[in-house]
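One structure is given here, and the rest of the page talks about it.
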Amino acid sequence: MRFLVPLKWTPTRTEIAPLTAVASVEPGRYGLDPSSLAALQWAARLAEPVDAEVVTVTVGPPEAEAGLRHALALGADGAARIEAPAGVASLDVAAALAPLAEAADVVLLGARSLDRGSASVAPALGALLDRAAACGLLSVAWEDGALLAERRLPAGRREHVRVGLPAVISLEAGTIDVPRAPLPALLDAGVAGVEVISPSRPLVPAPAGTVVPYRPRPRTVPPRPAGDEPRERIASISGALETGSGAQQLELPPEEAAAEIVATLRRWGYLEADEPA
Numbered sequence: 293m294r295f296l297v298p299l300k301w302t303p304t305r306t307e308i309a310p311l312t313a314v315a316s317v318e319p320g321r322y323g324l325d326p327s328s329l330a331a332l333q334w335a336a337r338l339a340e341p342v343d344a345e346v347v348t349v350t351v352g353p354p355e356a357e358a359g360l361r362h363a364l365a366l367g368a369d370g371a372a373r374i375e376a377p378a379g380v381a382s383l384d385v386a387a388a389l390a391p392l393a394e395a396a397d398v399v400l401l402g403a404r405s406l407d408r409g410s411a412s413v414a415p416a417l418g419a420l421l422d423r424a425a426a427c428g429l430l431s432v433a434w435e436d437g438a439l440l441a442e443r444r445l446p447a448g449r450r451e452h453v454r455v456g457l458p459a460v461i462s463l464e465a466g467t468i469d470v471p472r473a474p475l476p477a478l479l480d481a482g483v484a485g486v487e488v489i490s491p492s493r494p495l496v497p498a499p500a501g502t503v504v505p506y507r508p509r510p511r512t513v514p515p516r517p518a519g520d521e522p523r524e525r526i527a528s529i530s531g532a533l534e535t536g537s538g539a540q541q542l543e544l545p546p547e548e549a550a551a552e553i554v555a556t557l558r559r560w561g562y563l564e565a566d567e568p569a
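Numbering (the numbering used here), first residue to last: 293 to 569.
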């Protein structure tokens, strides 16, 4: 059995210039996303009872290989990097991962990353592979050859889902303890080989959006209703006297007005023909 764990190499701290409000990431402020580390540790726990191979992959620049070597130190069996610049769109990341993911029985990803947090790579990858996808999981375990997972619902509720193989799942950060890699494993991972894969088509960063101050839309104030009398203004607002509405305006003495109301109610079906008013 084979597990694939895509890891996100993401900014762990962003600096905001106080005068210009421009966001930037200083060198050395990148690392593995916490949700990716959680997915890696869940993969290690699930792989042990079924003797599965755990392979990690990242879509990113050469600097991202530091995260892959950290994953090797934590016990991953292999690592590969798909050549790409930083900031590639989620759908392009899923398309780049799909060829590798086809050979895996289970693909485990982080639910949402620190930089964008769209949580869109896992469902997109599930759709591309035409596999069952369970996203935003809190825990997962084996049960009769399938995966039994727990997912968060609104209002503090929980949902248990059963996922058959092959599957794509994503796990939230902080759902499992991530141990520190021992020093000998870190030293060995520092010289371990990382496979570099060139995608079928070059990947480019997603276009940056324009950030502007929030300005609510102006309220549309309706014009003052026509008419001097309250009855005329009500008729103007409700449109009761507009052409085609079927309404009519009558000026009758009280007795005749009451009789007209009863006749209209009977005509509309609210009163039976022989029912007294």
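Cβ atoms here follow ideal geometry from the backbone N, Cα and C, with glycine treated the same way.
(request) Less than 8 angstroms between the CB atoms is what I'm expecting for A425 and R443, so what's the real figure, rounded? (result) Here residue 425 refers to the residue found at position 133 when the sequence shown is read from its first residue. Here residue 443 refers to the residue found at position 151 when the sequence shown is read from its first residue. Not confirmed; about 12 angstroms, so no contact.
(request) Could you check what DSSP says for I468 in three-state terms: helix, strand or coil? (result) The residue you call residue 468 lines up with position 176 of the sequence shown. Of the three classes helix, strand and coil, the one that applies to I468 here is coil, per DSSP.
(message) I believe A441 touches L429 by the beta-carbon criterion, under 8 angstroms. Please report the beta-carbon distance rounded to the nearest angstrom.
(response) Translated into the one-based positions of the sequence shown, residue 441 becomes position 149. Translated into the one-based positions of the sequence shown, residue 429 becomes position 137. 5 angstroms between Cβ atoms; contact.
(message) In whole angstroms, give me the CA-to-CA distance for V470 and D343.
(response) On the sequence shown, position 178 is the one that residue 470 refers to. On the sequence shown, position 51 is the one that residue 343 refers to. Using only the alpha carbons, I get a separation of about 20 angstroms.
(message) In whole angstroms, give me the CA-to-CA distance for Y322 and P353.
(response) Along the sequence shown, one-based indexing puts residue 322 at 30. Along the sequence shown, one-based indexing puts residue 353 at 61. Their backbone Cα atoms lie some 12 angstroms apart in a straight line.
(request) Name the one or two DSSP bridge partners that I526 has. (result) Against the sequence shown, residue 526 aligns to sequence position 234. I526 is not bridged to any residue.
(request) Whole angstroms is fine: what's the gap from G561's alpha carbon to A555's? (result) The residue given as residue 561 occupies position 269 in the sequence shown. The residue given as residue 555 occupies position 263 in the sequence shown. G561 and A555: Cα-Cα distance of roughly 10 angstroms.
(request) Using a threshold of 7 angstroms, state whether the C-beta atoms of R454 and A438 are closer than that. (result) To locate residue 454, count along the sequence shown from 1; it is residue 162. To locate residue 438, count along the sequence shown from 1; it is residue 146. In contact: R454 and A438 (Cβ atoms closer than 7 angstroms).
(request) Taking E435 as the reference, give the member of P341, I553, A330, L544 with the closest Cα. (result) Mapped onto the sequence shown, residue 435 falls at position 143. Of the candidates P341, I553, A330, L544, the one whose C-alpha sits nearest the C-alpha of E435 is P341.
(message) Can you look up T304 in the DSSP assignment and give me helix, strand or coil?
(response) Walking along the sequence shown from the start, residue 304 turns up at place 12. Looking at T304 - three-state DSSP - the assignment turns out to be coil, as it is neither helix nor strand.
(request) Compute the Euclidean distance between the alpha carbons of V571 and A356, then round it to the nearest angstrom. (result) Summary: the structure shown does not reach residue 571, with the chain confined to residues 293 through 569, and so no result is reported for it.
(message) Can you find the residues in the same chain that come closer than 7 angstroms, C-beta to C-beta, to A387, ignoring five residues on each side of it along the sequence?
(response) The residue labelled residue 387 in the question sits at position 95 within the sequence shown. Only L420 meet the Cβ criterion.
(request) Report the option in E345, P494, A378 whose CA atom is closest to the CA atom of A371. (result) In the sequence shown, counting from the first residue as 1, residue 371 sits at position 79. Ranking the options by Cα distance to A371, first place goes to E345.
(message) Restricting to Cα atoms, I'd like to know which of L400, G519, D520, E564 is closest to S462.
(response) Here residue 462 corresponds to residue number 170 of the sequence shown, with the count starting at 1. The shortest C-alpha separation from S462 is found at L400.
(message) Within the continuous alpha helix (DSSP H) that includes L479, where are the two ends?
(response) Within the sequence shown, numbered from 1, the residue matching residue 479 stands at position 187. Taken as a continuous stretch (DSSP letters only), the alpha helix (DSSP H) holding L479 covers 475 to 482.
(request) Report yes if the CB atom of I489 is closer than 7 angstroms to the CB atom of Q333, and no otherwise. (result) Within the sequence shown, numbered from 1, the residue matching residue 489 stands at position 197. Within the sequence shown, numbered from 1, the residue matching residue 333 stands at position 41. No, Cβ-Cβ distance for I489 and Q333 is not below 7 angstroms.
(message) Using only the alpha-carbon positions, how far apart do P310 and G359 sit?
(response) On the sequence shown, residue 310 is found 18 positions in, with the first residue counted as 1. On the sequence shown, residue 359 is found 67 positions in, with the first residue counted as 1. So the two alpha carbons sit approximately 31 angstroms from each other.
(message) Rounded to the nearest angstrom, what separates A549 and R558 at their Cα positions?
(response) For the purposes of this step, residue 549 is taken as residue 257 along the sequence shown, with counting starting at 1. For the purposes of this step, residue 558 is taken as residue 266 along the sequence shown, with counting starting at 1. Computed Cα separation, rounded: 14 angstroms.
(request) Have a look at L495 and K300 and give me their C-alpha separation to the nearest angstrom. (result) Reading the sequence shown from its first residue, position 203 is the one you call residue 495. Reading the sequence shown from its first residue, position 8 is the one you call residue 300. Roughly 16 angstroms between the two C-alpha positions.
(message) Can you give me the C-alpha to C-alpha distance between V460 and V432, rounded to a whole angstrom?
(response) Position 168 of the sequence shown, counting from 1, holds the residue named residue 460. Position 140 of the sequence shown, counting from 1, holds the residue named residue 432. Their Cα atoms are separated by approximately 12 angstroms.
(request) Please classify V488: does DSSP put it in a helix, a strand, or coil? (result) Numbered from its first residue, the sequence shown carries residue 488 at position 196. The answer is strand: DSSP assigns V488 an E or B state.
(request) Find out if the Cβ-Cβ distance for the pair L296, A396 is shorter than 7 angstroms. (result) Taking the sequence shown and counting its residues from 1, one reaches residue 296 at position 4. Taking the sequence shown and counting its residues from 1, one reaches residue 396 at position 104. Result yes, Cβ atoms of L296 and A396 sit closer than 7 angstroms.
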